[in-house]
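Working notes, beginning with the structure itself.
Protein chains: 2
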Amino acid sequence: MSREPRREQLLNAADRVIQREGPGASMNAIAAEAGITKPILYRHFGDRNGLIRALTERHTSGLLAAVRAALAEPLERRDRVEHVLDTYLAGIEARPQVYRLLTHPEPGDPSGAGNALAPALRQIAEEITRAVQSQIDLGADRDLLAEAWGRGITGMVLAAGDWWLESRPCSRTRMVQALADLLWGRLAAAADLPTAVLPTAPAEPTAPDAG
Amino acid sequence: MSREPRREQLLNAADRVIQREGPGASMNAIAAEAGITKPILYRHFGDRNGLIRALTERHTSGLLAAVRAALAEPLERRDRVEHVLDTYLAGIEARPQVYRLLTHPEPGDPSGAGNALAPALRQIAEEITRAVQSQIDLGADRDLLAEAWGRGITGMVLAAGDWWLESRPCSRTRMVQALADLLWGRLAAAADLPTAVLPTAPAEPTAPDAG
DNA sequence: CGTCGATGTTACCCGAGGTAACACCCTGGT
DNA sequence: ACCAGGGTGTTACCTCGGGTAACATCGACG
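Going line by line, the protein sequences match chains A and B. Here the first sequence is numbered in numbering that gives the first Met the number 0, starting from 0 and rising by one per residue. Here the second sequence is numbered in numbering that gives the first Met the number 0, starting from 0 and rising by one per residue.
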């Protein structure tokens, strides 16, 4: 049996274990599930990261392709956004344990499951939730929206701030503007670009077929 | 010397080590920095999580208080939002290593620093960035906005989706609506509530002072 | 003077990632 | 027929980090 099919079998086994025990599963456990011992895993995947990477690539290729397709769907912009959101949520809903692996490839503590936000950040999220609840009139959906938004805004600022801190693409005040603009609906308000899909190829002014 | 001051000293030492080596610092290293050995740390903090928790609480109390204050500032709503964003970014800018600890209390792999988004999610962020860049007219700030938004939206959906998956507060379609509304500027469009600050005490209709 | 509550130590356990050395079995070329 | 190579697998080990047990010390207080 050549390498590739065997690799697939091992990945299947790893999948089952992680499905069952979460992303903290040990290499021993995975090897046992596959009916073999550790060194074989290491021969195939180098180290634990390699295994995890292979596993996530396998699972995320589908989700990633789906999201990409959703982003390119020829819909009204709002509908397209909803379509992308729904695609993602449906994807993580379908396989929760795998999703954990997607978001937390590093083991971390095995007890607490589902911590996209670290405890300290969860406190911030709660503050935002409370502020929204007490300051803004959101009608009947008030509680749900406030909580979802509290989490969402916190996650947004976390991810964007992390990137900003790492690569410093601009001043702090500009970053503040960029995020505030996003929260302020600029995504909805901006005009469409003239359907040029290829990023490196600006629409040729002489091309007659795009009218 | 009673417990508390000693505790502070140990936390100071832990702080220095983490400042220097990042959140993956070992208990041995921390103990060495404090000039002592491991068991003392364990006596004071129970386990590694306890130490980290104490450390983060210490540092985040300031940031959390600042964010809370910013959220209560009597400003125009947009200005308040910007104020909160700026407060947070200034906080993480001031002490990057501590910020890492805030966002990634679990060690994880020591090589990669600054991964608010796991690799798989970073791919999604890039897809969004590309889509925004190629589909929406954002003027001169185009590149910056697209990238910041790509990260931000991904982080938002990650955090909100994680929460939704964990506690299932509503149907998937409703969650999609909640997030799309957030991205669509409903935060900006909604009306103010009549300055009732206490969450559990709805504004008394007979109170005359709130006019 | 004893003892309580801190301080501190050395030495160990355990589990997990990772590796070295060895053995087998099939296939194919000479 | 034979042996080399590339796959399969094994046992036994190393290292490092979190965590604990057992023991020694120092100062204060009734």
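Ideal Cβ placement from N, Cα and C applies to all residues, glycine included.
Secondary structure of residue i, DSSP reduced to three states
i                     : result
residue 33 (chain A)  : coil
residue 109 (chain A) : Any answer about residue 109 (chain A) is weak, because its pLDDT of 45 lies below 50 and its placement is not dependable; what the coordinates show is given next. Looking at residue 109 (chain A) - three-state DSSP - the assignment turns out to be coil, as it is neither helix nor strand.
residue 68 (chain A)  : helix
residue 117 (chain A) : coil
residue 46 (chain A)  : coil
residue 147 (chain B) : helix
residue 190 (chain A) : strand
residue 163 (chain A) : helix
residue 7 (chain B)   : helix
Best match in the options for proximity to residue i [C-alpha to C-alpha]
i                     : options                    : result
residue 95 (chain B)  : A:70, A:165, A:100, A:50   : A:165
residue 143 (chain B) : A:73, A:102, A:21, A:181   : A:181
residue 146 (chain A) : A:128, A:174, A:139, A:190 : A:128
residue 13 (chain B)  : B:3, B:4, B:40             : B:40
residue 61 (chain A)  : A:30, A:97, A:79           : A:97
residue 138 (chain A) : B:138, B:77, B:192, B:101  : B:192
residue 126 (chain B) : B:114, B:148, B:136, B:115 : B:148
residue 121 (chain A) : B:6, B:123, B:161          : B:161
residue 163 (chain A) : B:157, B:173, B:169, B:150 : B:150
residue 66 (chain A)  : B:83, B:124, B:30          : B:124
residue 16 (chain B)  : B:29, B:44, B:102          : B:29
residue 277 (chain B) : A:84, A:70, A:91           : The structure shown does not extend to residue 277 (chain B), since chain B is modelled only from 0 to 210, so the question has no answer here.
residue 84 (chain B)  : A:47, A:190, A:24, A:172   : A:172
residue 34 (chain A)  : A:11, A:19, A:48, A:73     : A:11
residue 45 (chain B)  : B:68, B:72, B:6            : B:6
residue 47 (chain A)  : A:3, A:114, A:183, A:9     : A:9
residue 4 (chain B)   : B:38, B:36, B:43           : B:43
residue 91 (chain A)  : B:56, B:31, B:156, B:75    : B:156
residue 93 (chain A)  : A:2, A:177, A:169, A:18    : A:18
Cβ-Cβ separation, residue j to residue i (assumed contact under 8 Å), whole Å
i                     : j                     : result
residue 132 (chain B) : residue 141 (chain B) : 7 Å
residue 175 (chain A) : residue 88 (chain B)  : 7 Å
residue 179 (chain A) : residue 77 (chain B)  : 7 Å
residue 59 (chain A)  : residue 116 (chain A) : The Cβ separation is near 21 Å, so there is no contact.
residue 64 (chain A)  : residue 153 (chain B) : That pair is no contact at about 16 Å.
residue 136 (chain A) : residue 188 (chain B) : Actually they do not touch by this definition, with Cβ atoms about 11 Å apart.
residue 21 (chain B)  : residue 99 (chain B)  : 6 Å
Any non-hydrogen atom of the ligand SAM closer than 7 Å to residue i Cβ
i                     : result
residue 130 (chain B) : In terms of ligand content, the structure shown is empty, and the ligand SAM therefore cannot be addressed.
(request) Below 8 Å between beta carbons is the criterion; list the residues of the segment 169 to 188 of chain A that meet it against any residue of chain B, in chain order. (result) Listed by position, the residues of the segment 169 to 188 of chain A near chain B (Cβ gap below 8 Å) are 169, 171, 172, 173, 174, 175, 176, 177, 178, 179, 180, 181, 182, 183, 184, 185, 186, 187, 188.
(message) Tell me which residues of the segment 4 to 33 of chain A have at least one Cβ-Cβ distance to chain B shorter than 8 Å, keeping chain order.
(response) Residues passing the 8 Å Cβ filter: none.
(request) Select from the segment 141 to 170 of chain B all residues with a C-beta closer than 8 Å to any C-beta belonging to chain A, and list them in chain order. (result) Answer set for the segment 141 to 170 of chain B: 143, 144, 146, 147, 148, 150, 151, 152, 153, 154, 155, 156, 157, 158, 159, 160, 161, 162, 163, 164, 165, 168, 169.
(request) Scan the segment 51 to 81 of chain A for residues whose Cβ lies nearer than 7 Å to a Cβ of chain B and list them as they occur along the chain. (result) Only 55, 59, 63, 66, 67, 70, 77, 80, 81 from the segment 51 to 81 of chain A bring a Cβ to less than 7 Å from some Cβ of chain B.
(request) Report the residues of the segment 117 to 129 of chain A with a CB closer than 8 Å to any CB of chain B, ordered along the chain. (result) Those would be 117, 118, 119, 120, 122, 123, 124, 126, 127, 129, in chain order.
(message) So if I threshold CB-CB distances at 8 Å, which residues from the segment 85 to 105 of chain B count as touching chain A?
(response) Taking 8 Å as the Cβ-Cβ cut-off against chain A, the residues of the segment 85 to 105 of chain B that qualify are 85, 87, 88, 89, 91, 92, 95, 98, 101, 102, 103, 104, 105.
(request) May I ask you to list, following chain order, the residues of the segment 40 to 51 of chain B that have a beta carbon less than 8 Å from some beta carbon of chain A? (result) Listed by position along the chain: 48.
(request) Report the residue ranges of all alpha helix (DSSP H) runs contained in full by the segment 73 to 101 of chain A; include only those spanning at least 4 residues, in chain order. (result) Segments of the alpha helix (DSSP H) lying fully in the segment 73 to 101 of chain A: 76 to 93.
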